[in-house]
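Beneath this line is the structure, given in structure tokens, with notes to follow.
Numbering (my numbering), first residue to last: 380 to 594.
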């Protein structure tokens with residue numbers, strides 16, 4: 380505060396001390412009243428006539444920036460309110476960022492999943508994995524993000540080969556983990572062996588889904 384006061388004006392020093400001992404101003408918007416108080420006394424030559432404008436400029440931009448932030452906020456609110464008369468909530472993208480892979484724990488559930496997909500004319504993507512497979516654990520959240528891109532026309536599931544009968548694993552023709560299969564019309568249409576890096580596997584699975592009509 381002393382840097383803002385002229386060296387030869389004792390009364391101005393006392394005013395600055397009074398301001399510094401007042402309530403601590405934590406936000407930038409509280410600096411505006413200080414500047415207004417100083418400029419309000421501009422007409423009094425004995426108190427602030429010798430203040431230099433170059434020293435006040437150090438504080439003024441804080442208030443100006445804050446005003447611009449409030450202005451931008453009001454403009455954005457007005458645009459949202461006037462956007463075709465619709466609620467701003469409808470303009471937000473409410474699609475999920477990821478969808479958890481639904482676990483399949485036994486063969487009857489597996490049959491039910493692919494049968495329901497056939498009735499709905501949908502495809503099913505199944506991740507065959509194991510809890511000891513590090514690549515499987517790392518790949519799963521990547522596929523959950525991919526599942527959000529194709530929801531709801533393509534359902535994603537996961538099967539832990541350690542928790543289902545071995546005959547189901549043989550029936551699906553799974554020999555390596557992770558294996559990602561595409562099922563449609565109660566038949567396996569294609570598969571991707573996840574031996575590569577996760578982003579490569581995800582890209583291959585995406586291509587498999589996009590090209591399912593050509594299978």
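Every residue gets a Cβ at the ideal spot worked out from N, C-alpha and C, and that includes glycine. Model, not experiment: these values are computed from the prediction.
Nonlocal neighbours in the same chain, by C-beta distance under 6 Å from residue i, ignoring five residues either side
| i | result |
| --- | --- |
| residue 535 | 480, 504 and 526 |
| residue 496 | 503 |
| residue 563 | 502 |
| residue 553 | 507 |
| residue 548 | 540 |
Closest residue to residue i among the options (Cα-Cα distance)
| i | options | result |
| --- | --- | --- |
| residue 517 | 571, 580, 478 and 530 | 580 |
| residue 484 | 537, 574 and 573 | 537 |
| residue 523 | 584, 487 and 591 | 584 |
| residue 543 | 554, 529, 572 and 489 | 489 |
| residue 487 | 572, 550, 511 and 582 | 550 |
| residue 506 | 540, 477, 475 and 499 | 540 |
| residue 482 | 476, 491 and 475 | 491 |
Secondary structure of residue i, DSSP reduced to three states
| i | result |
| --- | --- |
| residue 519 | helix |
| residue 571 | strand |
| residue 633 | With the chain represented from 380 up to 594, any question about residue 633 goes unanswered, as that position is not in the structure. |
| residue 534 | strand |
| residue 477 | coil |
| residue 577 | helix |
| residue 506 | strand |
| residue 482 | strand |
| residue 500 | coil |
Sequence-distant residues of its chain with Cβ nearer than 7 Å to residue i (five each side left out)
| i | result |
| --- | --- |
| residue 532 | 501 |
Straight-line gap, residue i to residue j (C-alpha atoms, nearest Å)
| i | j | result |
| --- | --- | --- |
| residue 557 | residue 508 | 5 Å |
| residue 565 | residue 546 | 17 Å |
| residue 493 | residue 512 | 25 Å |
| residue 586 | residue 593 | 11 Å |
| residue 476 | residue 559 | 21 Å |
| residue 555 | residue 574 | 9 Å |
| residue 499 | residue 510 | 31 Å |
| residue 474 | residue 582 | 21 Å |
Same chain only: Cβ atoms within 8 Å of residue i, ignoring 5 sequence neighbours per side
| i | result |
| --- | --- |
| residue 577 | 514, 517, 518 and 521 |
| residue 591 | 502, 561, 563, 568 and 569 |
| residue 478 | 523, 526, 527, 530 and 535 |
Supposed contact pair residue j and residue i - C-beta distance, whole angstroms, cut 8 Å
| i | j | result |
| --- | --- | --- |
| residue 572 | residue 529 | About 20 Å; that fails the 8 Å criterion. |
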